[in-house]
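Chains X and W supply the protein sequences, listed in that same order. Position 54 of the first sequence, counted from 1, bears residue number 54 in my numbering, the numbering being contiguous throughout. Position 13 of the second sequence, counted from 1, bears residue number 13 in my numbering, the numbering being contiguous throughout.
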Amino acid sequence: DVKVTQSSRYLVKRTGEKVFLECVQDMDHENMFWYRQDPGLGLRLIYFSYDVKMKEKGDIPEGYSVSREKKERFSLILESASTNQTSMYLCASSLGWTGGLYEQYFGPGTRLTVT
Amino acid sequence: GDSVTQMEGPVTLSEEAFLTINCTYTATGYPSLFWYVQYPGEGLQLLLKATKADDKGSNKGFEATYRKETTSFHLEKGSVQVSDSAVYFCALSDHRDDKIIFGKGTRLHILP
Numbered sequence: 001d002v003k004v005t006q007s008s009r010y011l012v013k014r015t016g017e018k019v020f021l022e023c024v025q026d027m028d029h030e031n032m033f034w035y036r037q038d039p040g041l042g043l044r045l046i047y048f049s050y051d052v053k054m055k056e057k058g059d060i061p062e063g064y065s066v067s068r069e070k071k072e073r074f075s076l077i078l079e080s081a082s083t084n085q086t087s088m089y090l091c092a093s094s095l096g097w098t099g100g101l102y103e104q105y106f107g108p109g110t111r112l113t114v115t
Numbered sequence: 001g002d003s004v005t006q007m008e009g010p011v012t013l014s015e016e017a018f019l020t021i022n023c024t025y026t027a028t029g030y031p032s033l034f035w036y037v038q039y040p041g042e043g044l045q046l047l048l049k050a051t052k053a054d055d056k057g058s059n060k061g062f063e064a065t066y067r068k069e070t071t072s073f074h075l076e077k078g079s080v081q082v083s084d085s086a087v088y089f090c091a092l093s094d095h096r097d098d099k100i101i102f103g104k105g106t107r108l109h110i111l112p
């Protein structure tokens, strides 16, 4: 079974803190994704990586950065957390270079609260 | 650009009722279409998919048919169960890259 794990299920941080969200997949997938999920807005893509050290901005990259030093690990970084970044963050992975033909596998999500 | 529109929820039904969740899409070319489901406290998981016109995807009693003429991919189930309570996302891939475009999700509540 494909497994995508996220480092925390729940996280509470203070405004201005630097926040790291970690994601690990065990299926040797090329692609990894970070989304945020908010009521009424659905899933919005923050960043996408199609290979080690490669990244591409999604629809809402402002205030976020990412790191992919190893194929199995994709980190989302909030340089200076703000209250409007309170959200559910979902990581996903998929096989690369298929034109999206195959599914994305999701982790359980991290619910981040910034106070 | 490409997009997915699905009916707003929440949808509330009694157990054993017939379910339809509408989904329409806008895309150039011939996208692949997906339904994902998110159970409470979990991430999304693929429910079913269809890759070309007139294909029917099915899984766990759910079905959806890729209708190119109406640009639709409606999700149906003949008899829902309490355990089907979840959020359902319609999605498409336009094959230009490996990204998937998701609808906003429809929350389904099934009453016993």
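Ideal placement from N, C-alpha and C gives every residue a C-beta, glycine not left out.
Between residue i and chain X, is there a C-beta pair that is closer than 8 angstroms?
i, result
"S3 of chain W", "no"
"K98 of chain W", "Correcting the residue identity first, residue 98 of chain W is Asp in this sequence and not Lys. Yes, because at least one Cβ of chain X sits closer than 8 angstroms to the Cβ of D98 of chain W."
"K49 of chain W", "yes"
"S93 of chain W", "yes"
"Q45 of chain W", "yes"
"S32 of chain W", "yes"
"K68 of chain W", "no"
"F120 of chain W", "Because chain W in this structure spans residues 1 to 112, residue 120 of chain W falls outside the shown range and cannot be described."
"K104 of chain W", "yes"
Kindly list the residues whose CB is nearer than 6 angstroms to the CB of residue i, restricted to its own chain and excluding five residues on each side of it in sequence; keep chain order.
i, result
"E16 of chain W", "S79"
"A53 of chain W", "Y66 and K68"
"T5 of chain W", "T24"
"T71 of chain W", "T24 and Y25"
"K77 of chain W", "L19, G61 and F62"
Closer than 8 angstroms, CB to CB, is residue i near chain W or not?
i, result
"F106 of chain X", "yes"
"L101 of chain X", "yes"
"T86 of chain X", "no"
"Y115 of chain X", "According to the sequence shown, residue 115 of chain X is Thr rather than Tyr. T115 of chain X does not count as touching chain W."
"Y50 of chain X", "yes"
"L11 of chain X", "no"
"T83 of chain X", "no"
"L112 of chain X", "no"
"G63 of chain X", "no"
"S94 of chain X", "yes"
"L43 of chain X", "yes"
"E90 of chain X", "Note on residue identity: the sequence assigns Leu, not Glu, to residue 90 of chain X. Chain W, which has a Cβ nearer than 8 angstroms to the Cβ of L90 of chain X, makes this yes."
"G16 of chain X", "no"
"T98 of chain X", "yes"
Which residues share a DSSP beta bridge with residue i?
i, result
"T12 of chain W", "W:H109"
"F18 of chain W", "Partner(s): none; F18 of chain W has no beta bridge."
"M32 of chain X", "X:S49 and X:S93"
"T26 of chain W", "W:S3"
"M88 of chain X", "X:Q37 and X:R111"
"S67 of chain X", "X:S75"
"L47 of chain W", "Answer by DSSP bridge pairing: none, since L47 of chain W is not bridged."
"Q38 of chain W", "W:L44 and W:V87"
"T5 of chain X", "X:V24"
"Y10 of chain X", "X:R111"
"G57 of chain W", "W:A64"
Taking all protein chains shown into account, decide if residue i is buried (16 or more other Cβ within 10 angstroms of its Cβ) or exposed.
i, result
"M27 of chain X", "exposed"
"E103 of chain X", "buried"
"W35 of chain W", "buried"
"M54 of chain X", "exposed"
"Y39 of chain W", "exposed"
"Y30 of chain W", "exposed"
"D152 of chain X", "Limits of chain X in this structure are 1 at one end and 115 at the other, which puts residue 152 of chain X out of reach."
"F20 of chain X", "exposed"
"W34 of chain X", "buried"
"D38 of chain X", "exposed"
"R14 of chain X", "exposed"
For residue i, collect the residues of the same chain with a Cβ closer than 8 angstroms to its Cβ; drop the 5 residues on either side in sequence, then sort them by chain order.
i, result
"V82 of chain W", "E15, I110, L111 and P112"
By Cβ distance, which residues of its chain are closer than 7 angstroms to residue i, with the 5 residues on each side in sequence left out?
i, result
"A91 of chain W", "V4, F34, Y36, I100, I101, F102 and G103"
"R96 of chain W", "none"
Item to complete: Kindly provide the ranges of any beta strand (DSSP E) runs that are 3 or more residues long and lie completely inside the region 63–92 of chain W, ordered along the chain.
Response: 75–77
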